[in-house]
Every structure is written in C-alpha cells, then in structure tokens.
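Inspection log for the structure reproduced underneath, given as structure tokens.
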Amino acid sequence: MKNSLFSTNALPKQRVVALAGNPNVGKSTLFNRLTGLRQHTGNWPGKTVAGARGFYHHRGQRFCLVDLPGTYSLSASSPEEEITREFICSGVANAVVIVADATCLERNLNLVLQILEHTSKAVLCLNLMDEAKRKKIAIDCARLELLLGIPVAVTDARSRRGIDGLIGKTAAVIKAQNAAFQVMYSPPLEEAIATLRPFCSRFAAVRLLEGDETLKSRIMQNAPSADALLRALTLAETRLQELGIGLEEARISLCEARIKAAEEIAVQAVRTENKDHNRRDRRIDALLTSQKTGIPLMMLFFAFIFWLTISGANYPSALLSSFFAWGGQKLEMLALSLRAPDWLRAPLLDGVYRTLAWVVSVMLPPMAIFFPLFTFIEDLGYLPRIAFNLDNYFRRAHAHGKQALTMCMGFGCNAAGVVGCRIIDSPRERLIAILTNNFVPCNGRFPALISISAMFIAGGALGFGASFLAALTVLCAVVLGVAATLLVSRWLSATVLKGLPSGFVLEMPPYRRPQ
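Under our numbering, think of the first position of the sequence shown as 140, with each following residue one higher.
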C-alpha cells in the first residue's frame with residue numbers, strides 16, 4: 140500500500156511542493172519570493188490559517204507551491220493545524236519544504252522529525268539566517284544533512300538569498316531516494332509500532348499509539364485492512380498495558396523521545412557563541428508586558444501614534460484642500476464659459492466634486508500615515524505583546540485572547556478585522572469577535588473623530604497643545620470602544636453565546652527591524 144494516510148484520487152500534472160513549518164518562521168515570505176505573489180506576511184504567529192497556492196518554474200518544469208498554516212506538531216489541536224496534517228499525509232505533495240527558524244532550530248526540529256516519519260521527500264530550509272548570524276548562532280549544515288538524511292538549504296527570504304539553492308535541492312529531492320532520520324523509541328513502543336507496520340505507515344502507527352482519535356477514524360476509513368489494523372492496535376495496546384504503559388504514558392514517552400532526539404541533533408549541529416542573545420528582547424518585554432507598565436505604555440504608544448497621525452495630516456490636508464479649491468475654481472470658470480445650466484453645474488461641482496474633494500483632503504492623509512504606522516508595529520513584533528496585555532481582560536469577558544489581535548486589525552479597517560477573526564478556533568468565540576469588532580473605530584472613522592476633536596475640543600488651544608488634546612480625545616474614544624467590546628463580549632458570553640473561554644498559546648516573536 141501507499142505510504143500515506145489518505146487516498147488521493149488524482150494528482151496534478153505539475154510537481155507539488157508543500158511549505159510547512161512552525162508559525163512565524165517566514166513561510167509566507169518565502170512563498171512570495173518563489174511565486175511572485177503577495178501573500179500577506181506579519182511578525183506574529185498564526186497569521187496564515189488556510190493554504191495558499193502559487194506556481195514557479197525550474198529548468199522548464201512547473202511546480203505548484205502550497206503555503207500551509209503554521210503548526211508546532213502534526214498532532215493537530217486546531218483547524219489550521221489539521222489542514223497542514225491532512226495535506227502532508229494525503230500524499231499529494233511530491234516534496235515537503237520544512238521551513239525552520241535558524242535562531243531556535245532545536246524547537247523546530249520536533250515538527251521536522253514528525254514529518255520525516257511520514258516522508259523522506261523533504262528539504263530542511265533554514266530561514267532567518269541573518270538574525271542567526273547577528274545573534275552569533277552558527278549551524279553546521281553539512282553535519283545537519285548527515286544527521287537528518289535530507290538536504291539542508293540556507294535562506295534569508297526577505298533578501299532573497301539562498302532561494303535558487305533551495306529550488307535546486309527541492310527539485311533534486313523529488314527524484315532522489317533518501318534514508319531520512321527516524322526517531323528510535325523505547326523497546327516496548329518499537330515493538331508496538333512493529334505490530335502495526337504491516338497495516339499502516341510508521342507515522343500512522345505512532346499517531347495511533349498517541350491516541351489521536353480524529354486521526355484514528357480517518358485511518359480506519361482509508362486503510363485497506365481496517366479490521367486487521369484495529370485488531371493489531373488492540374493487541375499492541377494490550378501488550379503495553381501489561382508492561383504498565385497506558386495511553387498517557389505512551390504519549391509522553393513518544394513525545395520525550397522526539398524532544399531528546401531534537402536536543403541531540405541540535406547539540407551536534409548548532410553552536411551558540413552568545414548564550415544570552417535574547418537579553419535585549421527580555422529587557423524590553425519586562426517593560427512592555429509587565430502587569431504594572433504594560434497597559435500604561437501601550438496607551439502612551441497609541442496616544443503617540445494618534446498624535447503623529449493628527450499633526451502629520453494637517454499639512455498635506457491643507458495642501459490637498461488648496462489644490463481642490465483651485466481645481467474647483469477652474470471648473471467653475473470652465474462651466475461658465477461653456478454656459479452649463481445650473482441644474483447640471485450645481486450637482487456636479489457643488490455636490491460631487493466638493494464632496495469628493497473634502498473626503499480626499501480630510502481622510503487620505505490620516506490613512507496614509509496610520510496604515511504604515513500600524514504595519515510598523517506589526518513588523519516590529521509589538522502586536523502580539525498587545526494581545527498578551529489584553530488577554531486577561533478578554534478571558535474575564537469569556538472571549539478568546541486572539542480577539543485582541545482582530546480588534547487591533549479593526550483600527551485599520553473593521554472589514555479586515557472581521558476577516559481576521561478566522562484565526563480564532565472556537566466558533567462561539569469567533570462569532571463574538573465578529574459581532575464586537577465594529578466597536579473599535581476604524582481608520583475610516585478616525586478623520587471624523589479627528590475633525591470633531593480638533594474643532595470642538597481642541598479648538599481653543601494652539602500649536603502642540605491643540606494636536607495633543609485632539610490625540611488625547613481620540614485615545615479616549617478608542618479606550619471607550621475597547622471597553623464596549625469587552626462589556627458586550629461578556630454579555631454575549633452570558634446570554635445568547637454562552638460558554639467558557641478557551642485557552643491558547645501565543646508565542647512571542649522576536650523584535651525585528653520593520654521592512
């Protein structure tokens with residue numbers, strides 16, 4: 140039988156290459172470099188929640204590249220992780236490019252070892268090598284290739300370094316027969332795996348012994364000898380229980396064996412000259428994520444952004460207003476010279492033109508400033524810290540902590556915030572996030588808030604004081620919107636959308652230079 144879990148009716152004519160890896164290791168950036176597409180990238184985990192497909196060519200052959208959602212393990216615990224596992228195990232991919240963060244290779248090796256249990260048609264792509272060099276982390280790629288039994292490519296996707304080498308190694312691995320590294324478990328577990336091997340792959344045998352019920356049902360549906368496999372699984376579990384190894388003990392033992400193997404490989408292949416290379420990030424996080432200083436600094440940060448948006452938009456708004464006023468005068472003169480009737484001139488010039496001129500001159504400058512600033516804090520890595528600071532408040536409101544991320548997206552555009560709610564696994568909490576996203580003012584409402592605050596609240600102040608007072612007013616409106624989001628979320632959780640908040644793991648990405 141095929142060494143895959145799920146049957147595939149038809150394979151595409153072109154070669155299929157899957158991009159897999161932990162969240163926030165640069166898969167989408169690498170996907171964009173290879174395909175020339177514009178998949179959105181961001182410095183926070185969990186951004187990609189559905190597979191994206193693109194194409195690239197190498198030596199006259201067309202390759203289909205699939206960007207899979209980030210996952211820490213093939214023991215799926217969320218819908219996006221299940222998408223990744225389903226695709227890799229389906230056998231559709233002719234090769235799997237496993238993208239790993241070169242700055243923390245040992246943690247990434249857990250997924251690498253799980254994928255190698257399923258297929259040897261894999262290439263390990265060490266991305267973010269520029270950060271690894273800056274942190275004085277050296278990786279012996281030749282040694283790593285020897286240990287894992289698969290090709291290793293070194294890339295820096297943001298600067299496109301190493302892309303050609305990765306393409307060549309991916310094409311070569313499809314044709315080659317590699318003997319990939321296999322984790323050796325304890326003798327009782329290896330005996331249990333051997334009992335299951337005549338009826339399924341080694342990967343499937345390990346997942347069955349881990350007690351993955353979802354995967355078990357899928358394997359049983361597609362296995363040619365489901366009854367024989369079920370009997371073999373029962374026999375293997377009985378033998379393990381006789382040795383005092385229950386389901387939980389087996390799961391822990393399997394996990395510990397992979398972690399130990401990853402540690403041993405990392406010790407042989409990775410050399411860290413600066414053991415305290417994360418000191419700067421830890422010092423910054425001690426302030427930005429502290430219970431005492433996290434929220435106040437976050438509010439000051441947003442107040443600065445709003446002030447910069449307001450004060451920076453004044454001059455271009457005045458220029459655009461003057462330009463459109465000049466254009467309006469010229470159009471008026473043209474209409475008079477052509478003797479245009481009032482029923483035509485008034486709607487076009489006094490209605491359409493002046494309305495368009497006001498909207499562009501008032502709304503465009505703040506948008507042109509706010510969106511780059513929001514992208515700046517996302518690339519910098521501060522956006523997940525905001526979610527971390529607000530997680531406790533959303534948990535008390537019985538909402539999901541990731542709602543803080545979608546709420547922040549709503550500051551740029553509520554439509555984008557609603558679409559971003561797909562990163563929330565729970566349907567109940569996802570619906571709460573969608574219904575409450577409109578409480579935070581989006582960028583389209585900022586010009587109105589800015590205009591109102593500047594005219595009615597800061598109208599009596601001058602210079603810096605006026606812009607600061609206007610920014611403070613906008614910040615108060617934002618805080619009020621966040622409070623309304625939390626209150627309505629709590630009310631929905633207690634009435635029509637009852638339920639308890641689900642936990643989630645949010646990995647703090649490193650602070651990076653914004654692109």
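For glycine and all other residues, C-beta sits at the position ideal for the given N, C-alpha and C.
Remember, it's a predicted structure, so these values are computed and weren't measured experimentally.
One Cα belongs to Pro-504, the other to Ile-306, and the distance between them is close to 42 Å. About 5 Å separates the beta carbon of Leu-386 from that of Gly-350, a gap short enough to meet the 8 Å contact definition. Pairing Phe-320 with Ile-289 gives a Cβ-Cβ distance under 9 Å. Ranking Asp-518, Ser-450, Glu-376, Gly-520 by CA distance to the CA of Ile-508 puts Ser-450 first. Here the alpha carbon of Ser-212 sits roughly 52 Å from the alpha carbon of Tyr-454. In terms of Cβ geometry, Ala-191 and Ser-167 form a close pair [threshold 9 Å].
Val-613 and Arg-422 have their C-alpha atoms spaced approximately 30 Å apart. Nearest in C-alpha terms to Arg-535, of all of Val-499, Leu-522, Leu-625, is Leu-625. A buried status is given to Ser-592, since no fewer than 16 other beta-carbon atoms sit within 10 Å of its beta-carbon.
By the C-beta density criterion, Ala-315 is exposed, having fewer than 16 other C-beta atoms within 10 angstroms.
Secondary structure note for Phe-194: its beta strand (DSSP E) is the uninterrupted segment 191-197. Note on geometry: alpha-carbon atoms of Asn-413 and Lys-275 lie some 6 Å from one another.
Only buried fits Lys-308, as 16 or more other CB atoms lie within 10 angstroms of its CB. Burial of Ala-343 is indicated by the presence of at least 16 other C-beta atoms within 10 angstroms of its C-beta. The bridge partners DSSP lists for Asp-206 are Leu-158, Ala-191.
Secondary structure of Cys-264 (DSSP, three-state): strand. By the 16-neighbour rule on beta-carbons within 10 angstroms, Phe-462 is exposed. DSSP places Arg-651 outside both helix and strand once states are collapsed to three, so it counts as coil.
Residue state for Asp-420 is assigned as helix, using DSSP reduced to three classes. Our two residues, Ala-271 and Pro-648, have alpha carbons roughly 14 Å apart in a direct line. Here DSSP, grouped into helix, strand and coil, assigns Thr-575 to helix. For Gln-468, the secondary structure class from DSSP, reduced to helix, strand or coil, is helix.
Under the three-state reduction of DSSP output, Ala-536 falls in the coil class, being neither helix nor strand.
When the beta-carbon positions are compared, Glu-245 and Ala-396 stay at least 9 Å from each other. Counted as a single uninterrupted DSSP element, the alpha helix (DSSP H) harbouring Val-501 occupies residues 493-519.
Within the same chain, and ignoring the five residues on either side of Leu-588 in sequence, the residues whose Cβ sits closer than 8 Å to its Cβ are Pro-580, Thr-612, Val-613, Ala-616. With contacts defined as CB atoms closer than 9 Å, Asn-249 and Val-164 fail to qualify as a contacting pair. The C-alpha of Pro-363 lies about 28 Å from the C-alpha of Val-251. Excluding the 5 residues flanking it on each side, Leu-379 has same chain C-beta neighbours closer than 7 Å at Pro-327, Ala-331, Ala-389, in chain order. Beta-bridge partners of Gln-200 (DSSP): His-197.
Note on geometry: alpha-carbon atoms of Asn-531 and Glu-381 lie some 45 Å from one another. Taking 9 Å as the cut-off, the Cβ atoms of Ser-340 and Glu-256 count as close. The Cβ atoms of Tyr-492 and Phe-440 lie no closer than 9 Å to each other. Taking a cut-off of 8 Å for Cβ pairs, the stretch 289-304 and the stretch 416-431 do not touch, as fewer than three such pairs fall below it. For the options Arg-297, Gly-209, Ile-516, Leu-470, the alpha carbon positioned closest to that of Ile-562 is the one of Gly-209. Counting of Cβ neighbours within 10 angstroms places Gln-253 among the buried residues, the total reaching 16 or more.
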